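If you're matching positions, the sequence shown starts at 41 in this note's numbering and goes up one per residue.
Where is the CB? At the ideal position from N, CA and C, for every residue including glycine.
Note that the structure is a prediction, hence the values are computed from the model and not measured.
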Amino acid sequence: MSPDRTPDYLVERLHAGDLPPDEAARVRARLEAEGGERRLEALAREDALLRETHPPGPALREIRRRAALGAPARRRARRPLLLVPVAAAVALAAVLVLRIPGGHLAPDRRDEDTRMKGLAPRLEVHRSHGGGGAEELREGAVAREGDLLQLSYVAAGRRYGAVVSVDGRGIVTLHWPEEGGPAAPLAQAGAVPLPHAYLLDDAPAFERFFLVTGDNAFDSATVVEAARRLAAAGRARQDPLPLPAGLDQRALLLVK
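Laid out in structure tokens, this is it:
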């Protein structure tokens with residue numbers, strides 16, 4: 041990629057409507073100057089194809105089923121050594137978890153058959169309204185303390201993944217795999233809900249979720265360390281994770 045080419049993450053944020061108006065205008069003008077309008081068009085086609093081939097119905101039914109269970113939430117502390125040394129500036133959050141039993145997923149070895157050309161992995165967030173109701177939260181949606189969120193992923197052929205978040209206090213949380221270690225094997229079954237739902241705490245400003253995927257096995261500690269560095273730099277709200285080559289990332293920002 042040419043160093044003068046508009047970075048992919050800026051194009052994706054422009055497409056998602058995540059940029060402030062003045063920055064969006066600058067990025068759009070930069071794209072037009074370099075003849076990059078087709079990159080925006082490609083993202084629109086990709087989104088349309090993803091929604092056509094992976095309709096939200098099955099995932100929404102499962103999320104509504106879980107919401108209707110009304111299971112009590114409990115606090116589950118993450119293991120600090122998975123994330124940061126004791127003296128690190130970025131603390132590891134204790135998150136509220138709604139426990140939902142789930143089975144272990146074996147890696148899909150048929151990625152050449154299951155990966156769909158033109159599709160990319162995707163992270164989805166739904167907010168439960170109780171009584172079986174749920175709504176999808178898109179990039180830049182407003183969320184509040186006490187919201188019960190269900191995270192889901194679309195693997196789009198990628199075999200392994202991890203999900204982390206960074207909040208407005210710079211706190212990093214590893215959501216999946218819950219116990220850390222190797223990245224989780226991903227199911228190739230459309231939108232797949234994670235086995236837990238999460239209650240947002242009172243952290244200010246934002247909560248940003250990252251889905252990191254790869255064709256080859258990797259350690260979730262790599263993702264957590266990248267999130268820690270991004271948070272320490274004060275750039276977690278807008279920048280991509282500083283990940284090694286071979287890993288793909290998708291982010292979703294909620295404003296608080």
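Length of the line joining the Cα atoms of residue i and residue j
i	j	result
A65	Y49	15 Å
L123	H169	Low per-residue confidence applies at L123: pLDDT is 30, beneath 50, and the placement is therefore not dependable, though the value from the model is reported in the following sentence. The alpha-carbon atoms of L123 and H169 are separated by roughly 32 Å.
L251	R209	20 Å
P60	V67	10 Å
E219	G274	26 Å
E72	P235	43 Å
V232	V165	11 Å
L177	L294	8 Å
A245	A272	16 Å
A285	E74	25 Å
D44	A266	25 Å
V263	A181	24 Å
L287	E63	27 Å
R290	R53	10 Å
A84	P161	15 Å
R70	T46	7 Å
G230	T253	15 Å
R248	Y193	15 Å
Spatial neighbours of residue i in its chain, beta-carbon cut-off 6 Å, leaving aside the 5 residues before and after
i	result
R79	V51
A133	Bear in mind that a pLDDT of 37 at A133, under 50, signals an unreliable position, so the model cannot answer this.
E175	R167
Residue i and residue j closer than 8 Å at C-beta
i	j	result
L163	L292	yes
L191	V203	yes
G173	L239	no
A276	L270	yes
R199	D241	no
L159	E81	no
A56	E179	yes
K296	R167	no
L189	A237	yes
Beta-carbon contacts of residue i that lie in its chain and below 7 Å, excluding the five residues immediately before and after
i	result
W216	A202, V203, A224, L234
D279	L270
E77	L71
Cβ of residue i within 8 Å of any chain C Cβ
i	result
H166	Among the chains of the structure shown, chain C does not appear; only one protein chain is present.
Cβ shell of residue i (< 8 Å), same chain only, five flanking positions each side left out
i	result
D259	G221, P222, A223
L283	V252, T262, V263, A266, Q289
Run through the segment 189-223 for me and flag every whole beta strand (DSSP E) of 3 or more residues, listed as ranges in chain order.
Entirely contained in the segment 189-223, the beta strand (DSSP E) runs reaching 3 residues are, in chain order, 200-207, 212-216.
For the segment 47-71, list the alpha helix (DSSP H) runs that are entirely contained and at least 4 residues long, ordered along the chain.
For the segment 47-71, whole alpha helix (DSSP H) runs of length 4 or above, ordered along the chain, are 48-56.
So within the segment 223-278, which uninterrupted alpha helix (DSSP H) runs reach at least 4 residues, ignoring any that extend past its ends?
Counting whole runs of 4 or more residues, the segment 223-278 contains the alpha helix (DSSP H) stretches 260-272.
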